[in-house]
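Visitor: One structure coming up, written as structure tokens, with questions to follow.
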Amino acid sequence: MDLFDDLPPPSEAEHAQIAPGAVLLRGFARAGDAALLQAVEAVIAQAPLRHMQTPGGYTMSVATTSCGQLGWVSDPHGYRYAARDPHSGQPWPTMPACFLGLAQRAAAQAGYTDFAPDACLINQYAPGAKLSLHQDKDERDLRAPIVSLSLGLPAVFLFGSTRRKDPAQRLRLVHGDVVVWGGPSRLAYHAVMPLAEGEHKLLGRRRINLTFRRAG
Ligand code: MD3
Ligand code: FE
Numbered sequence: 399m400d401l402f403d404d405l406p407p408p409s410e411a412e413h414a415q416i417a418p419g420a421v422l423l424r425g426f427a428r429a430g431d432a433a434l435l436q437a438v439e440a441v442i443a444q445a446p447l448r449h450m451q452t453p454g455g456y457t458m459s460v461a462t463t464s465c466g467q468l469g470w471v472s473d474p475h476g477y478r479y480a481a482r483d484p485h486s487g488q489p490w491p492t493m494p495a496c497f498l499g500l501a502q503r504a505a506a507q508a509g510y511t512d513f514a515p516d517a518c519l520i521n522q523y524a525p526g527a528k529l530s531l532h533q534d535k536d537e538r539d540l541r542a543p544i545v546s547l548s549l550g551l552p553a554v555f556l557f558g559s560t561r562r563k564d565p566a567q568r569l570r571l572v573h574g575d576v577v578v579w580g581g582p583s584r585l586a587y588h589a590v591m592p593l594a595e596g597e598h599k600l601l602g603r604r605r606i607n608l609t610f611r612r613a614g
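Using the working numbering, the letters of the sequence shown correspond one by one to residues 399 to 614.
This is how it looks when you write it as structure tokens:
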């Protein structure tokens, strides 16, 4: 249970640079959470969450889907962005207007005034699900930031530098938090620790993370 669930959204004073080019907008999406969740559920209804295979032969514990012009796909051949959902053969669902608005307002707040995401990756974590250390470098233009939005159960997020073995910082991301990863942080290694058990008022026993990307 999150003891701070009933507090009002925090002020702009809590918008903090956490690494060069990385800005944490604590609680930025809290006010619009119900509409965002409704839009997430509408996307999932069209393009169901699935546990993708990694090129290394593992099945991801995180369940994923996408919306927008491009979606993120992993299979035994590798990682890539694709215009169609391989599960249905159909284009990915359109990016909901509330997603695009949120991503652009967050990016602007962090100093990126013309962020035009064409892909939104949706990650769903059940208790125990995790994401291993990786870089996001499959996007064409690495000058564009990645905007991430956390909903539901809290997660412990680790991020380091562009060198895999550098020490990582630990960050607890809670419902409504948004992080903009740009500049020198764009290629930072990062990971999500196994999700702890819990029950969130709005989302129940899960965490959902949205990442907005300029992929194509
Ligand atoms: C730092 N997702 O989908 S979001 C991913 O919580 C991913 O589901 C995590 O890593 C999640 O690729 C973390 C925060 C994030 C996303 C992209 C980044 C941090 C980043 C790219 C560069 C540096
Ligand atoms: Fe990532």
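Beta carbons: idealized from backbone N, C-alpha and C, even for Gly.
Is D536 close to the ligand FE? I mean its beta-carbon at under 6 Å from any heavy atom of the ligand.
Guide: No, Cβ of D536 sits at least 6 Å from all heavy atoms of the ligand FE.
Visitor: Using a Cβ-Cβ cut-off of 7 Å, state whether S548 counts as contacting chain C.
Guide: Of the protein chains in this structure there is only one, and it is not chain C.
Visitor: How is S583 classed by DSSP in three states: helix, strand or coil?
Guide: Helix, per DSSP.
Visitor: With P418 and G581 assumed to form a contact (beta carbons below 8 Å), what rounded beta-carbon distance in angstroms separates them?
Guide: Going by Cβ atoms, the distance from P418 to G581 rounds to 6 Å, so yes, they are a contact pair.
Visitor: To the nearest whole angstrom, what separates the beta carbons of G614 and Y587, a pair I think is in contact under 8 Å?
Guide: Actually they are not in contact, since the Cβ atoms of G614 and Y587 sit about 24 Å apart, beyond 8 Å.
Visitor: Mind checking D483: buried by the 16 CB within 10 Å criterion, or exposed?
Guide: With 16 or more Cβ atoms within 10 Å of its Cβ, D483 is classed as buried.
Visitor: Check this for me: beta carbons of A639 and G466, under 7 Å apart or not?
Guide: This structure does not reach residue 639, given that the chain is present from 399 up to 614, and the question cannot be answered.
Visitor: Taking 6 Å as the limit between beta carbons, can you name the residues of its chain near L569, skipping five residues before and five after?
Guide: Cβ within range, chain order: F555.
Visitor: From which residue to which residue does the alpha helix (DSSP H) around F497 run?
Guide: Run containing F497: A495 to Q507, per the alpha helix (DSSP H) assignment.
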